[in-house]
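Engineer: Please see the structure below; I have some questions.
Number of protein chains: 2
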Amino acid sequence: MPRSEFDLIATLFAPLARSKGALGLRDDVALLAPRPGHELVLTTDAIIAGVDFFPNDPPDTIAKKALRVNLSDLAAKGAEPLGYLLTLALPKRVNEAWLRAFTRGLEADQKVFGITLLGGDLSSTRGPLTISVTAFGHVERGKAILRSGAKPGDLVFVSGSLGDSGAGLAALLAKKRTSKFIARYRVPEPRMALGLALSGVAHAAIDVSDGLLADLGHIADVSNVRIEVDAARVPTSHEVVAAVTVGDDYEIAFTAPKSKRAQVLALARKVRVTISEIGRVTKGSGVVLRDAHGKDITPRRKGWQHF
Amino acid sequence: MPRSEFDLIATLFAPLARSKGALGLRDDVALLAPRPGHELVLTTDAIIAGVDFFPNDPPDTIAKKALRVNLSDLAAKGAEPLGYLLTLALPKRVNEAWLRAFTRGLEADQKVFGITLLGGDLSSTRGPLTISVTAFGHVERGKAILRSGAKPGDLVFVSGSLGDSGAGLAALLAKKRTSKFIARYRVPEPRMALGLALSGVAHAAIDVSDGLLADLGHIADVSNVRIEVDAARVPTSHEVVAAVTVGDDYEIAFTAPKSKRAQVLALARKVRVTISEIGRVTKGSGVVLRDAHGKDITPRRKGWQHF
Chain A
2 MPRSEFDLIA TLFAPLARSK GALGLRDDVA LLAPRPGHEL VLTTDAIIAG
52 VDFFPNDPPD TIAKKALRVN LSDLAAKGAE PLGYLLTLAL PKRVNEAWLR
102 AFTRGLEADQ KVFGITLLGG DLSSTRGPLT ISVTAFGHVE RGKAILRSGA
152 KPGDLVFVSG SLGDSGAGLA ALLAKKRTSK FIARYRVPEP RMALGLALSG
202 VAHAAIDVSD GLLADLGHIA DVSNVRIEVD AARVPTSHEV VAAVTVGDDY
252 EIAFTAPKSK RAQVLALARK VRVTISEIGR VTKGSGVVLR DAHGKDITPR
302 RKGWQHF
Chain B
2 MPRSEFDLIA TLFAPLARSK GALGLRDDVA LLAPRPGHEL VLTTDAIIAG
52 VDFFPNDPPD TIAKKALRVN LSDLAAKGAE PLGYLLTLAL PKRVNEAWLR
102 AFTRGLEADQ KVFGITLLGG DLSSTRGPLT ISVTAFGHVE RGKAILRSGA
152 KPGDLVFVSG SLGDSGAGLA ALLAKKRTSK FIARYRVPEP RMALGLALSG
202 VAHAAIDVSD GLLADLGHIA DVSNVRIEVD AARVPTSHEV VAAVTVGDDY
252 EIAFTAPKSK RAQVLALARK VRVTISEIGR VTKGSGVVLR DAHGKDITPR
302 RKGWQHF
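Protein chains in written order, with my numbering: chain A, 2 to 308; chain B, 2 to 308.
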């Protein structure tokens, strides 16, 4: 890396810092205030070369993935995104051309999602390229959709379709570089409009990152309920057990009271996202996958484990 | 690492998440609102094994350093700390005993600084141990002390003494394990009370992390002024040019109008921190170190460069 940290920040990153509170990336801090009556929603996720993306993925798609896995967390809480902090740990072989393409990816997604870079930290590492994003959104005070609100009697829904990102990963591992699913793996589509629309409708929500069953399991744990999923109703073009455990989908899984079924389906049309009703919340604990005959076919491994 | 990510979070980290907005670390997000009339101050800094600390440093001191380098940024802005997000990238050889000692360090500093863990991200890495903290504080709206406020005619001050942390690093590199300076390198002392007291008094401030001259250079750049430092007045028990370039001091360097000299010295007594007047702000650009005869003795390398 021939240029100094300060040069790189001034030329490549400062143009991305468009809010007054970002202080042009020329201070150690950023200032941020939620809209009156709102509270900030914070989330942070790191993606690591060789774990969450391939080192030779196009740099702009790596940038987008780093942002979008975080924006997806905001979406699932019904939050409107505001901005992000970016921490890069760069191995020596990352050069300026790579960084320029990377910042073009950030730039493009800032426009798509209406967000701004607020600050960050740049350092070198002997390890793999690591990109850590902390994203900020806001919601009306008390209106965030949490994992903890699911109630027995709720219906369970999921947006979009599952397993495409996993199929993209499998294609990349098998060096089938023409698979249409690779784009889904590299650049997820966080469901921002759906999340905003679900505020006040959904009882509980989560974005599907670890795997549908694992993520619904998180809702079940925190809400102290049991969640039953009908395999036949899972929206996927892949083998169902694979699709509900592979993760990286960044769809929103949520529960809502039966009385709001029609409202859920109407808002799905409004935000142009398919939504499938896939199960129900009952008393009890854990998550269960049932076949068309009601038989428990829950796999032992419900999703991704980070280690 | 024998236990799952979720187990580790539940047993070691959830007890550190004491605010309601942390949601017990059982959601993907945290909620945070500044006090009415205040805005949030955000800062993020990562520390990396082999760069910012030694892999065999005591885990509790590594935890404290990760927090304190961030709290120091808040201090320099006059912000009151609230909480933090923690992202850990753990190599395989980090075991549970290490993590337990690490979280004890976090726990101790949460008490010292009145902060809480808000959330984070845990992953494994084939690279070095990396600890990324995003810290949150708040200030009255518009009252943050920025780098950009220095004015010709201001005096330049610095708290405490410089070069001790660098001497600690040198001692560790030379395997002189009994040096009294090692503790200063491992566990910096962010000047929270001083920072709060400087709000409304200082025109510009920065914490000394890269090296006094480099950091005053940042103020000079952003404020479009020149800063002159008198070598003879730099508070240090080490060789002056080393002390003003070595960095990692986490003292606060600031400028204030001449009319507030007495107020600055009074508040220093009140918060029990020594403050030295070391120079002046003039028209022009850059930073200059002068010897007792007024001769320019500015070293070419003014501080730490991250790469």
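Cβ coordinates follow ideal geometry from the N, Cα and C atoms, glycine included. For clarity, every value in this text was computed on a predicted model and none was experimentally measured.
Ordered along the chain, which non-local residues of its own chain (more than five positions away) have a Cβ less than 6 Å from that of residue 186 of chain A?
Structural biologist: What you label residue 186 of chain A is simply residue 185 of the first sequence in a count that begins at 1. Result list for residue 186 of chain A: 166, 169 and 170, in chain order.
Engineer: So with Cβ pairs under 9 Å, would you call residue 104 of chain B a contact of chain A?
Structural biologist: Walking along the second sequence from the start, residue 104 of chain B turns up at place 103. Not closer than 9 Å to any Cβ of chain A, the Cβ of residue 104 of chain B fails to qualify, so no.
Engineer: Which term fits residue 89 of chain B, buried or exposed, when burial requires 16 or more other beta carbons within 10 angstroms of its beta carbon?
Structural biologist: Here residue 89 of chain B is taken as the residue at index 88 of the second sequence, counted from 1. Buried.
Engineer: Kindly indicate the opening and closing residues of the alpha helix (DSSP H) around residue 265 of chain B.
Structural biologist: Locating residue 265 of chain B in the second sequence gives position 264, where the first residue counts as 1. That run of the alpha helix (DSSP H) goes 262-271.
Engineer: So who's on the other strand from residue 159 of chain A, going by DSSP bridges?
Structural biologist: Here residue 159 of chain A is taken as the residue at index 158 of the first sequence, counted from 1. Residue pairing by DSSP puts residue 159 of chain A in a beta bridge opposite A:254 and A:277.
Engineer: Buried or exposed: which applies to residue 256 of chain B, given that a residue is buried once 16 or more other Cβ atoms fall within 10 Å of its Cβ?
Structural biologist: Position 255 of the second sequence, counting from 1, holds the residue named residue 256 of chain B. So residue 256 of chain B ends up on the buried side.
Engineer: Give me, in chain order, the residues of the same chain whose beta-carbon lies closer than 8 Å to that of residue 297 of chain B; leave out the 5 immediate sequence neighbours on both sides.
Structural biologist: If you number the second sequence from 1, residue 297 of chain B lands on position 296. Residues 289, 290 and 291 of the same chain have their beta carbon placed closer than 8 Å to that of residue 297 of chain B, with the five preceding and five following residues left out of the count.
Engineer: Can you find a CB in chain A that lies within less than 9 Å of the CB of residue 117 of chain B?
Structural biologist: Position 116 of the second sequence, counting from 1, holds the residue named residue 117 of chain B. False, the Cβ-Cβ gap to chain A never drops below 9 Å.
Engineer: Can you give me the C-alpha to C-alpha distance between residue 248 of chain B and residue 49 of chain B, rounded to a whole angstrom?
Structural biologist: Counted from its first residue, the second sequence places residue 248 of chain B at position 247. Counted from its first residue, the second sequence places residue 49 of chain B at position 48. When rounded, the distance between both Cα atoms is 16 Å.
Engineer: Any beta-carbon of chain A closer than 9 Å to the one on residue 195 of chain B?
Structural biologist: One-based indexing of the second sequence puts residue 195 of chain B at position 194. For residue 195 of chain B, the answer is no, since every Cβ of chain A falls outside 9 Å of its Cβ.
Engineer: Where do the N-terminal and C-terminal ends of the beta strand (DSSP E) with residue 97 of chain B fall, by residue?
Structural biologist: What you label residue 97 of chain B is simply residue 96 of the second sequence in a count that begins at 1. Run containing residue 97 of chain B: none in the beta strand (DSSP E); it sits in the alpha helix (DSSP H), 97-114.
Engineer: Please list, in chain order, the chain B residues whose beta carbon lies closer than 8 Å to that of residue 131 of chain A.
Structural biologist: Taking the first sequence and counting its residues from 1, one reaches residue 131 of chain A at position 130. Near residue 131 of chain A (Cβ distances below 8 Å), the residues of chain B are 90, 126, 128 and 131.
Engineer: Are there three or more Cβ pairs, one per stretch, closer than 8 Å when the region 86-104 of chain B is compared with the region 6-19 of chain B?
Structural biologist: yes
Engineer: Please report whether the beta-carbon of residue 300 of chain A lies at a distance below 9 Å from any beta-carbon of chain B.
Structural biologist: Within the first sequence, residue 300 of chain A is the residue found at index 299, counting from 1. So no, residue 300 of chain A is outside the interface.
Engineer: For residue 272 of chain A, return the contacting residues in chain B, with the cut-off set at a CB-CB distance below 9 Å.
Structural biologist: Taking the first residue of the first sequence as position 1, residue 272 of chain A is located at position 271. Counting only Cβ-Cβ distances below 9 Å, residue 272 of chain A has no contacts in chain B at all, with the closest Cβ about 21 Å away.
Engineer: For residue 15 of chain A and chain B, any beta-carbon pair shorter than 9 Å?
Structural biologist: Mapped onto the first sequence, residue 15 of chain A falls at position 14. Answer no: the Cβ-Cβ gap between residue 15 of chain A and chain B never drops below 9 Å.
Engineer: Could you check whether residue 138 of chain A and residue 80 of chain A sit closer than 9 Å to each other, using their CB atoms as the reference points?
Structural biologist: Walking along the first sequence from the start, residue 80 of chain A turns up at place 79. Walking along the first sequence from the start, residue 138 of chain A turns up at place 137. Cβ distance < 9 Å, so residue 80 of chain A and residue 138 of chain A count as in contact.
Engineer: Name, in chain order, the residues that DSSP records as bridge partners for residue 50 of chain B.
Structural biologist: Along the second sequence, one-based indexing puts residue 50 of chain B at 49. DSSP, once it has assigned bridges, lists B:54 as partnering residue 50 of chain B.
Engineer: Measuring alpha carbon to alpha carbon, tell me which residue in B:258, B:301, B:17 and B:214 is nearest residue 120 of chain B.
Structural biologist: For the purposes of this step, residue 120 of chain B is taken as residue 119 along the second sequence, with counting starting at 1. Residue 120 of chain B has its Cα closest to that of B:17, out of B:258, B:301, B:17 and B:214.
Engineer: By Cβ distance, which residues of its chain are closer than 8 Å to residue 152 of chain A, with the 5 residues on each side in sequence left out?
Structural biologist: Locating residue 152 of chain A in the first sequence gives position 151, counting from the first residue. Counting only Cβ-Cβ distances below 8 Å, and skipping sequence neighbours, we find 204, 224, 226, 256, 258 and 282.
Engineer: Within the 9 Å Cβ cut-off, does residue 219 of chain B reach chain A?
Structural biologist: As a first step, residue 219 of chain B must be located in the second sequence, where it is residue number 218. Yes, because at least one Cβ of chain A sits closer than 9 Å to the Cβ of residue 219 of chain B.
Engineer: Could you check where the beta strand (DSSP E) with residue 117 of chain B kicks off and where it finishes?
Structural biologist: The residue given as residue 117 of chain B occupies position 116 in the second sequence. Start and end: 117-125.
Engineer: So is residue 277 of chain A buried or exposed if we call it buried at 16+ other beta carbons inside 10 Å?
Structural biologist: Against the first sequence, residue 277 of chain A aligns to sequence position 276. The residue in question, residue 277 of chain A, is buried, as its Cβ has 16 or more Cβ neighbours within 10 Å.
Engineer: Rounded to the nearest angstrom, what separates residue 64 of chain B and residue 251 of chain B at their Cα positions?
Structural biologist: Counting from 1 along the second sequence, the entry for residue 64 of chain B is found at position 63. Counting from 1 along the second sequence, the entry for residue 251 of chain B is found at position 250. Using only the alpha carbons, I get a separation of about 16 Å.
Engineer: Are residue 43 of chain A and residue 199 of chain B close, meaning C-beta to C-beta below 9 Å?
Structural biologist: Here residue 43 of chain A refers to the residue found at position 42 of the first sequence. Here residue 199 of chain B refers to the residue found at position 198 of the second sequence. Cβ atoms of residue 43 of chain A and residue 199 of chain B: not closer than 9 Å.
Engineer: Is any beta-carbon of chain A found at less than 9 Å from that of residue 254 of chain B?
Structural biologist: Translated into positions along the second sequence, residue 254 of chain B becomes position 253. No, residue 254 of chain B lies away from the interface with chain A (no Cβ there is under 9 Å from its Cβ).
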